[in-house]
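Residue numbers (my numbering): 97 to 331. Structure first, commentary second.
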Ligand code: DC
């Protein structure tokens, strides 16, 4: 694995600004941005395309053996990470609310987590990365030099998600999105393997009110100061 100081992790629930913030931090430092959620979305689509019953653990495991996932940088500042699944570009198919729910469901399957954790660690071993997800600071890169946990008020997170989906041309209802986020928070936090939680040594950042610029500046200041984090603090 790469030296500890070359990995930065950002975890947190959906709609807290993880992707935008992680991408900007990576660009500012010249690091690679690793969107682990995109990988869970790709696995969800893969299993759906293969017609696999996700309750059948053996069938799921058998369908992971030949899986290849390649991530591409977003095409614009507001765009999402591109994903090539087994050689096919699926970028435009994995960002719907339904795919978010499916990704969350498959992410609770131990074989899926083992496979993706392995792939993510391989990337971390080759490059300097800013990784974002739900378990990157707790499970995937427990030795990361800087860990952040982002959180925000759930109503604000739902409003952000709605704005993002509408900017892609989707017609979505705010109440429905709020309910989906609530369900996903619950499922992601209560699953038995690698649940969403703050690593003890991660810095907690509430993004409800601050601007993206202010939050990025705070994170960069911390990283560039070169000081190791003290557990359990908030910014
Ligand atoms: O970050 P996202 O919304 O693209 O993630 C989609 C789902 O994938 C999320 O609801 C839970 C799962 N996920 C995970 O379990 N672990 C990660 N490190 C990243 C995502």
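Beta carbons are placed, not taken as given, at the ideal position from N, Cα and C, and that holds for glycine. The structure presented is a predicted model; accordingly, all values stated were derived computationally and were not measured.
Would you please state the rounded distance, in angstroms, between the beta carbons of residue i and residue j? I believe it to be under 8 Å.
| i | j | result |
| --- | --- | --- |
| residue 137 | residue 190 | 4 Å |
| residue 228 | residue 106 | 5 Å |
| residue 220 | residue 298 | 17 Å between Cβ atoms; not a contact. |
Rounding to the nearest angstrom, what Cα-Cα distance links residue i and residue j in this structure?
| i | j | result |
| --- | --- | --- |
| residue 103 | residue 126 | 12 Å |
| residue 311 | residue 152 | 42 Å |
| residue 225 | residue 148 | 32 Å |
| residue 320 | residue 239 | 18 Å |
| residue 181 | residue 142 | 8 Å |
| residue 188 | residue 144 | 16 Å |
| residue 293 | residue 131 | 17 Å |
| residue 46 | residue 157 | Nothing can be reported for residue 46, as the shown portion of the chain is limited to 97 through 331. |
| residue 260 | residue 278 | 17 Å |
| residue 305 | residue 258 | 17 Å |
| residue 270 | residue 250 | 12 Å |
| residue 146 | residue 223 | 32 Å |
Quick check on this structure: which residue in the options has the alpha carbon closest to the alpha carbon of residue i?
| i | options | result |
| --- | --- | --- |
| residue 161 | 120, 245, 210 | 210 |
| residue 185 | 118, 203, 166, 199 | 166 |
| residue 134 | 321, 105, 274, 176 | 176 |
| residue 170 | 295, 129, 193 | 129 |
| residue 111 | 252, 215, 105 | 252 |
| residue 154 | 205, 108, 266 | 205 |
| residue 275 | 196, 157, 158 | 196 |
| residue 108 | 215, 281, 200 | 281 |
| residue 121 | 292, 150, 242, 213 | 242 |
| residue 332 | 314, 313, 164 | Here the chain has residues from 97 to 331 only, and residue 332 is not among them. |
| residue 272 | 119, 172, 314, 254 | 254 |
| residue 289 | 178, 200, 193, 117 | 200 |
| residue 318 | 250, 270, 266, 244 | 244 |
| residue 283 | 146, 179, 198 | 198 |
| residue 183 | 168, 150, 192 | 168 |
| residue 268 | 116, 192, 223 | 192 |
| residue 218 | 231, 264, 237 | 237 |
| residue 264 | 322, 172, 150 | 172 |
Excluding the five sequence neighbours on either side, which residues of its own chain have a C-beta within less than 6 Å of the C-beta of residue i, listed in chain order?
| i | result |
| --- | --- |
| residue 139 | 202, 208 |
| residue 212 | 135 |
| residue 291 | 285 |
| residue 231 | 290 |
| residue 266 | none |
Grab me the residues of residue i's own chain with a C-beta within less than 8 Å of its C-beta, minus the 5 sequence neighbours each way, in chain order.
| i | result |
| --- | --- |
| residue 113 | 246, 248, 256, 303, 308, 311 |
| residue 47 | Given a span of 97 to 331 for the chain in the structure shown, any question on residue 47 remains unanswerable. |
| residue 301 | 244, 245, 246, 247, 311, 314, 315, 330, 331 |
| residue 178 | 167, 168, 169, 170, 171, 185, 187 |
| residue 150 | 143, 156, 201, 202, 205 |
| residue 159 | 142, 143, 146, 148 |
Leaving out five residues before and five after residue i in sequence, what residues of the same chain have Cβ atoms less than 7 Å from its Cβ?
| i | result |
| --- | --- |
| residue 194 | none |
| residue 322 | none |
| residue 116 | 308 |
| residue 235 | 213, 290 |
| residue 287 | 204 |
| residue 97 | Note that residue 97 scores a pLDDT of 48, beneath 50, so its modelled location is shaky; the value from the coordinates is reported in the next line. Closer than 7 Å at Cβ, skipping near neighbours: 217, 220, 221. |
Closer than 7 Å to a non-hydrogen atom of the ligand FAD - does that hold for the CB of residue i?
| i | result |
| --- | --- |
| residue 229 | No copy of the ligand FAD occurs in the structure displayed; its ligands are the ligand DC alone. |
Against chain B, with Cβ distances strictly below 8 Å, would residue i count as a contact?
| i | result |
| --- | --- |
| residue 234 | Given the protein chain composition of this structure (a single chain), no chain B is represented. |
In chain order, which beta strand (DSSP E) runs of at least 3 residues are fully inside the region 169 to 234?
Counting only runs of at least 3 residues, the region 169 to 234 fully encloses the following beta strand (DSSP E) elements, listed from N- to C-terminal order: 178 to 181, 225 to 229.
Unbroken stretches of the alpha helix (DSSP H), 4 residues or longer, contained in the region 136 to 160:
You should have 153 to 158.
Counting only runs that start and end within the region 242 to 305, where is the beta strand (DSSP E) found for 3 or more residues in a row?
If we require 3 residues or more, the beta strand (DSSP E) runs fully inside the region 242 to 305 come out as 242 to 247, 299 to 302.
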